[in-house]
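Asker: Have a look at the structure that comes next, please.
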Amino acid sequence: GNSVTQMEGPVTLSEEAFLTINCTYTATGYPSLFWYVQYPGEGLQLLLKATKADDKGSNKGFEATYRKETTSFHLEKGSVQVSDSAVYFCALRLNTNAGKSTFGDGTTLTVKP
Amino acid sequence: NAGVMQNPRHLVRRRGQEARLRCSPMKGHSHVYWYRQLPEEGLKFMVYLQKENIIDESGMPKERFSAEFPKEGPSILRIQQVVRGDSAAYFCASSLSQGAAEAFFGQGTRLTVV
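If you want it as structure tokens, here you go:
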């Protein structure tokens, strides 16, 4: 079956620090990969995505590269801000179904001034 | 251009009562997906519906839970005889088609069973 394993949290960083949140997956077939962000009390917002191997998704200074050889999709940001404090979810989706995704358990990021 | 609308945002029910959660998809979207997020966990797929049809209910508990998406009106997730373990955030997502590039999520309904 399909599964997503995320780096366990919580992660606490100082402002302007470098962020990495690890994500690895197992899947039958060739999935699309996603990172979602959930701010306190809010729903999920798509942060970035990649649909095939070696694609790099990027948005708001965040990046992740689809690595088929290591089945990974690690999230990175060079300089985090307090406003980046949220829960981050890695997810995969088989391309045949837009809304049926498999999510990781989430990683809580807290950025301190 | 409203996004996916879920209501209520917060719902409190006593054990044994029924909970009804509503989801209005984005305009033009006819595919709806329900997820459950237990505390400290990720989202788990429950059910996928297209107008008037349940397409995939592989993640739905066999008892007490049901879902519908009528021709007119929102999709409804219904939980009968709620128990404390049903306390969770329930998210709805919608897409234009099954093979669309992206599904869009609502803000969720947080159900608390007391």
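As given, the protein sequences belong to chains A and B, one line each in that order. Going by our numbering, the letters in the first sequence line up with residues 1 to 113, in that order. Going by our numbering, the letters in the second sequence line up with residues 1001 to 1114, in that order. Don't be surprised by glycine CBs; every beta carbon is placed ideally from N, CA and C.
With DSSP run on the structure shown, which of helix, strand or coil describes S1087/B?
Answerer: Here S1087/B sits in coil by DSSP.
Asker: Whose Cβ in chain A lies nearer than 8 Å to the Cβ of S1024/B?
Answerer: Ordered by position in chain A, no residue passes the 8 Å Cβ test against S1024/B, which lies about 14 Å from the chain.
Asker: Looking only at its chain, what residues have a beta carbon closer than 6 Å to the beta carbon of I21/A, apart from the 5 residues adjacent to it on each side?
Answerer: Closer than 6 Å at the Cβ level, and outside the excluded window around I21/A, lie M7, L75, Y88 and T107.
Asker: Here's the rule: buried if 16 or more other CB atoms are within 10 angstroms of the residue's CB, otherwise exposed. What is P1025/B?
Answerer: Classification for P1025/B: buried.
Asker: I want to see whether chain A comes within less than 8 Å of A1088/B, judged by CB atoms only; does it?
Answerer: No, no contact with chain A.
Asker: Taking a contact to mean a Cβ-Cβ separation below 8 Å, would you say Y1035/B touches Y1048/B in this structure?
Answerer: Against a cut-off of 8 Å, the Cβ pair of Y1048/B and Y1035/B comes out as no contact.
Asker: According to DSSP, which residues form a beta bridge with V1082/B?
Answerer: In DSSP, V1082/B forms no bridge with anything.
Asker: Classify T12/A as buried or exposed, calling it buried when 16 or more other Cβ atoms lie within 10 Å of its own Cβ.
Answerer: When all chains shown are included, T12/A counts as exposed.
Asker: Using a Cβ-Cβ distance cut-off of 8 Å, determine whether A1103/B contacts chain A.
Answerer: At least one chain A Cβ lies under 8 Å of A1103/B.
Asker: Return the bridge partner residues of Q45/A from the DSSP annotation.
Answerer: BP columns for Q45/A point to V37/A.
Asker: Let's test the definition: count the other Cβ atoms within 10 Å of the Cβ of A53/A and tell me whether it reaches 16, buried, or not, exposed.
Answerer: That one is exposed.
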